[in-house]
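Here the sequence shown is numbered in this note's numbering, starting from 3 and rising by one per residue.
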Amino acid sequence: MIEVLKQIFPQLNDEKFLTELMNNAKLLDHPKGTEIIKQGDILNYIPLVTKGEIKIFRVDSYGNSLYLYSLYRGDICAMSVSCCINNNKSNLHAVAAVDVEFFAIPAQLMNNWIANYKVWRAFVFDNYRKKFDELIDNISSIAFLNLKDRLLKFLVIRSEKSSGIIRMTHQEIANELNSSREVISRQLKQLEEENKIKLLRNHIWVLKR
3 MIEVLKQIFP
13 QLNDEKFLTE
23 LMNNAKLLDH
33 PKGTEIIKQG
43 DILNYIPLVT
53 KGEIKIFRVD
63 SYGNSLYLYS
73 LYRGDICAMS
83 VSCCINNNKS
93 NLHAVAAVDV
103 EFFAIPAQLM
113 NNWIANYKVW
123 RAFVFDNYRK
133 KFDELIDNIS
143 SIAFLNLKDR
153 LLKFLVIRSE
163 KSSGIIRMTH
173 QEIANELNSS
183 REVISRQLKQ
193 LEEENKIKLL
203 RNHIWVLKR
């Protein structure tokens, strides 16, 4: 099992740490649509993803959600780690985008592991940097790109995680881009006419990457 973990998490190539991980964290799996973390929850564990995708949102007081980023195989939600370290309630909402599997790392171990394991500390900080960069990139796209360009960029990024094929409904894409299904469907059709994507039944194939 340790060799498998080294393949999934190459940055955590420390047998002592991986042994402690297996001894203390539970390997959980949840079907698509499961609410893994609710905004305002006191976090009992942090997910370390081994399979699938977890979408991270912020939800406002009116119930409107804003997609922030996704966690994939090999990722941890470093912002949730920050909440654990500071004993804060979760400021994020996490949902399984597909069937997922992850290690549930007990929250009370965060401070100890960051202090005592260099590989874990570097892994957490690197994930924090990458997700912060994704947030900045998303904000820049909203500020500087029109919707069609934002949509194409979104599809290209998603395709890189799924071998070119995106299995999302038009409504799911609209939710992540804070648009409507009708507008997204129209923009997708335009992108297909420009030979940048191919719309197939139940999925989208990105031609231009």
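The beta carbon of each residue, even a glycine, is placed where N, CA and C say it ideally should be.
Residue 48 is bridged by DSSP to 107. In the three-state DSSP reduction, residue 72 falls in the strand class (E or B). From the listed residues 94, 88 and 51, the smallest Cα separation to residue 39 is found for 94.
The DSSP assignment places 149-162 as complete runs of the alpha helix (DSSP H) inside the segment 129-168, in order along the chain (cut-off: 4 residues). At least 8 Å separates the beta-carbon of residue 53 from that of residue 98. Here residue 182 is exposed: its Cβ has fewer than 16 other Cβ atoms, across all protein chains shown, within 10 Å.
A direct Cα-to-Cα measurement between residue 36 and residue 100 gives close to 9 Å. Taken in chain order, the unbroken stretches of alpha helix (DSSP H) that lie wholly in the segment 172-200 and span 4 residues or more are 172-178 and 183-195. C-alpha of residue 91 to C-alpha of residue 55: approximately 23 Å in a straight line. For residue 20, the enclosing alpha helix (DSSP H) begins and ends at 17-26. Between the segment 104-124 and the segment 150-168 there are fewer than three inter-stretch CB-CB distances shorter than 8 Å, so the stretches are not counted as touching. With contacts defined as CB atoms closer than 8 Å, residue 104 and residue 50 qualify as a contacting pair. With a 10 Å radius around the Cβ and a threshold of 16 neighbouring Cβ atoms, residue 96 comes out buried. At a Cβ-Cβ threshold of 8 Å, residue 32 and residue 102 count as neighbours. Ranked by Cα distance from residue 87, the options 69, 13 and 115 are led by 115.
In the displayed model, residue 203 falls within coil according to three-state DSSP, outside both helix and strand. The continuous beta strand (DSSP E) containing residue 38 extends over residues 37-39.
Using a Cβ distance threshold of 8 Å, residue 126 and residue 16 do not count as a contacting pair. Across the structure, residue 76 and residue 153 are spaced so that their CA atoms are roughly 25 Å apart.
Here residue 120 carries a helix assignment [DSSP, helix/strand/coil].
The alpha carbon of residue 85 has as its nearest neighbour, out of 60, 187 and 43, the alpha carbon of 43.
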